[in-house]
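Some notes on the structure that comes next.
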Ligand code: DCP
Ligand code: MG
Ligand code: MN
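In UniProt numbering, the protein residues as written are 428 to 814.
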């Protein structure tokens, strides 16, 4: 069809579509339905074009593209082609760009600005650039944060978190999602999903997470905060605490590192590198990225699907939901407002979502398998969700 990846790659607007898709995914994640829809429509329009759209005027003339999106499209198209013109045959510049793009939280715009300011290396940034606190963490721990975490270390890190969590509140349940739940040998980060029986909003879990983070910080397990609970990236929420926490952690030197709890054949610290030796010869633990995600029990199934991924799998499930008159996001599977008849088709008892009518009526939130069922998709084990 017109929506697959190979078709996008051949499109003259492929790069613009790719960037818009990332923004669309972001707005979708923060439940900004209005922007998500606007971006989705613009992407559909761009996919139909046979020439590259580079100016605001040309973009604005197309269907379903407003002034501001037209300006965005022109900006993406021109900055990206500028970059290609300037850097394509300039190996050092291209190398600098790749280095900067691998710094945690740094995108194309930021990286290009640093290059324009004359910076080429991490040392240039460290010594001369005006870095935000997060950028400084990304630069100072560049190697660590670009190293994948072996599965056994994710398991050990998680055991540590789980022990502290159950000491605070034994009723709270934790699970590692993301690539770890899909069975990966190594992960880019650790995605810890936090839930508790009887909860209906993430806010109910905030006091617990605040306590847990406090304990883990004091014990030296958590070493940096990148996005705290008071970080309002979600522009649709009015001053509510965020339901996620992003930061860095280290494996305590005495934590056991075993693939299985009773595997005596593999002594700790022998098969995986969890410490790094610095220039001065001192050993220090490797910094790892950790995310905490607060999920009420009522949304647990939908959140599990979302945070298990992978992102392509999520996108195809959402697309399928849309085709069937439903809407899937990290909070639940909903009946689209304009398409109430689908409820009759699925035979589901329809209840109103606590978040109001914006998302339509809630079909299922808490049960992962039930969401697959209602969508009419055969159950896929997490290990089968790589796409
Ligand atoms: N996710 C998504 N769309 C995105 C980003 C994330 O659907 N744009 C979902 C699917 C991911 C999950 O969130 O599996 C966790 O995000 P991560 O970035 O941590 O990705 P993974 O855990 O899958 O991979 P990695 O090993 O790189 O952490
Ligand atoms: Mg992950
Ligand atoms: Mn993550």
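Don't be surprised by glycine CBs; every beta carbon is placed ideally from N, CA and C.
Alpha-carbon to alpha-carbon, residue j and residue i
i: residue 499; j: residue 485; result: 12 Å
i: residue 553; j: residue 562; result: 10 Å
i: residue 676; j: residue 708; result: 22 Å
i: residue 643; j: residue 591; result: 8 Å
i: residue 636; j: residue 612; result: 28 Å
i: residue 705; j: residue 569; result: 14 Å
i: residue 577; j: residue 738; result: 21 Å
i: residue 845; j: residue 638; result: Since the first and last residues shown for the chain are 428 and 814, residue 845 lies out of range.
i: residue 750; j: residue 446; result: 24 Å
i: residue 723; j: residue 757; result: 11 Å
Burial state of residue i (16 or more Cβ within 10 Å)
i: residue 517; result: exposed
i: residue 437; result: exposed
i: residue 528; result: exposed
i: residue 560; result: exposed
i: residue 475; result: exposed
i: residue 759; result: buried
Under the three-state DSSP convention, the category residue i falls into
i: residue 814; result: coil
i: residue 503; result: helix
i: residue 613; result: strand
i: residue 682; result: coil
i: residue 796; result: helix
i: residue 556; result: coil
Residue i, enclosing alpha helix (DSSP H) - first and last residue
i: residue 586; result: 578 to 595
i: residue 446; result: 441 to 456
i: residue 520; result: 518 to 528
i: residue 746; result: 738 to 750
Near the ligand DCP: residue i beta-carbon under 8 Å from a heavy atom
i: residue 532; result: no
i: residue 373; result: Residue 373 lies beyond the residue range present for the chain, which begins at 428 and ends at 814; the question has no answer from this structure.
i: residue 733; result: yes
i: residue 575; result: yes
i: residue 611; result: yes
i: residue 742; result: yes
i: residue 752; result: no
i: residue 452; result: yes
i: residue 624; result: no
i: residue 736; result: yes
Residue span of the beta strand (DSSP E) that contains residue i, given as start and end
i: residue 723; result: Run containing residue 723: none; DSSP gives neither H nor E here.
i: residue 648; result: Where residue 648 is concerned, there is no enclosing beta strand (DSSP E), given that its DSSP letter is neither H nor E.
i: residue 618; result: 617 to 623
i: residue 712; result: 710 to 712
i: residue 672; result: 671 to 676
i: residue 756; result: 753 to 756
i: residue 702; result: 702 to 704
Residue i beta carbon near the ligand MN (any heavy atom closer than 8 Å)
i: residue 839; result: Limits of the chain in this structure are 428 at one end and 814 at the other, which puts residue 839 out of reach.
Closer than 8 Å: residue i CB and nearest the ligand MG heavy atom
i: residue 616; result: yes
Residue i CB to nearest heavy atom of the ligand NAP below 8 Å
i: residue 578; result: Ligands displayed in this structure: the ligand DCP, the ligand MG and the ligand MN; the ligand NAP is not among them.
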